[in-house]
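Those sequence lines, one after another, are chains S and C. Take 1 as the starting number for the first sequence in the numbering used here and just add one per residue. Take 1001 as the starting number for the second sequence in the numbering used here and just add one per residue. In this text, a Cβ means the ideal position worked out from N, Cα and C, and glycines have one as well.
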Amino acid sequence: AQSVAQPEDQVNVAEGNPLTVKCTYSVSGNPYLFWYVQYPNRGLQFLLKYITGDNLVKGSYGFEAEFNKSQTSFHLKKPSALVSDSALYFCAVRPTGGGQNFVFGPGTRLSVLP
Amino acid sequence: DAGVTQSPTHLIKTRGQQVTLRCSPKSGHDTVSWYQQALGQGPQFIFQYYEEEERQRGNFPDRFSGHQFPNYSSELNVNALLLGDSALYLCASSPTGGQPQHFGDGTRLSIL
Chain S
1 AQSVAQPEDQ
11 VNVAEGNPLT
21 VKCTYSVSGN
31 PYLFWYVQYP
41 NRGLQFLLKY
51 ITGDNLVKGS
61 YGFEAEFNKS
71 QTSFHLKKPS
81 ALVSDSALYF
91 CAVRPTGGGQ
101 NFVFGPGTRL
111 SVLP
Chain C
1001 DAGVTQSPTH
1011 LIKTRGQQVT
1021 LRCSPKSGHD
1031 TVSWYQQALG
1041 QGPQFIFQYY
1051 EEEERQRGNF
1061 PDRFSGHQFP
1071 NYSSELNVNA
1081 LLLGDSALYL
1091 CASSPTGGQP
1101 QHFGDGTRLS
1111 IL
């Protein structure tokens, strides 16, 4: 069965510092991987995706993610955090073999401190 | 270009009642998926509709049912509501075979 783990419930970082939100996955075959962000009382906003190709994926709002097949990881990164980046971040994997439904991780709450 | 829209935004029901939630997909999208997001958790897949048929279903009981209309909009119906059904219900749409899914802001359902 496919699964996604986000080992940190909460990540705190100072504004201007680099941030990393971790994600590991378990899926058969080649995964499609995604990051979404959720602000309070809102739905999920798409940040970036990995389908195939370059292991470093660039997305919205200066975020990027690195796909590491050997470590089955897809960590989200940003070189310089903003207070406005504070939100809930979800990693998701699209299982191979049919359908377009996603399996989501439990989420990581990012707090960027001024 | 409107994104995914869901209605209502909030709903309060009592145990045993039935509820219908509605979703209009993003323009150009024909596939609609529904997710349940309990407080403090990630979204859980309920089911997906394409060409007015349920194409895939997650681990949810038959109390959860849906429908897709010819204009691609969709409804989620939940019968015999339980306290545990309290959650944010998210609708997501995507084009055929395309990625990623785009999400609406959800309907927050509270069961008293």
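- In the displayed model, G1066(C) falls within a strand according to three-state DSSP.
- Under a criterion of Cβ atoms nearer than 7 Å, the residues of chain C adjacent to Y32(S) are, in order, Q1099.
- According to the DSSP assignment, S1024(C) belongs to the beta strand (DSSP E) that extends over V1019 to S1024.
- By the C-beta criterion, the stretch 1092 to 1109 of chain C is judged to be in contact with the stretch 1011 to 1028 of chain C, since at least 3 inter-stretch pairs fall below 8 Å.
- Taking a contact as a CB-CB distance under 8 Å, the pair L1082(C) and G1106(C) does not count as one, their CB atoms being some 19 Å apart.
- Burial check for V83(S): the Cβ neighbour count within 10 Å stays below 16, so the residue is exposed.
- Judged by DSSP secondary structure, S28(S) falls outside any beta strand (DSSP E); it is assigned neither H nor E.
- Within a 10 Å sphere around the beta-carbon of R1063(C) sit fewer than 16 other beta-carbons, which makes this residue exposed.
- In the structure shown, the three-state DSSP call for V1004(C) is coil.
- For S1110(C), there are no neighbours in chain S by C-beta distance under 9 Å, as the nearest C-beta there is about 14 Å away.
- Linking F102(S) to T1014(C) through their CA atoms gives a straight-line distance of about 30 Å.
- H1010(C) counts as exposed, since fewer than 16 other beta carbons sit within 10 angstroms of its beta carbon.
- Distances from the CA of L110(S) to each of A1(S), K58(S), E8(S) and S60(S) were compared; the closest alpha carbon is that of E8(S).
- Taking F67(S) as the centre and dropping the five residues before and after it, the same chain places the C-beta of Y50, N55 and F74 closer than 6 Å to its C-beta, in chain order.
- Contact annotation: G105(S) and G1042(C) have beta-carbon atoms nearer than 9 Å.
- Judged by DSSP secondary structure, S1074(C) falls within the beta strand (DSSP E) whose first and last residues are S1074 to V1078.
- Within a 10 Å sphere around the beta-carbon of S1074(C) sit 16 or more other beta-carbons, which makes this residue buried.
- In summary, Q10(S) is exposed, with fewer than 16 beta-carbon neighbours lying within 10 Å of its beta-carbon over all protein chains present.
- In the same chain as L88(S), and ignoring 5 residues on each side of it, the C-beta atoms closer than 6 Å to its own belong to Q38, G107 and R109, in chain order.
- Between Q71(S) and S26(S), the alpha-carbon positions lie close to 10 Å from each other.
- Taking C-alpha positions only, Q1101(C) is separated from W35(S) by approximately 11 Å.
- Linking Q2(S) to C23(S) through their CA atoms gives a straight-line distance of about 13 Å.
- Chain-order list of chain C residues neighbouring K49(S): Q1099 and P1100, by C-beta distance under 9 Å.
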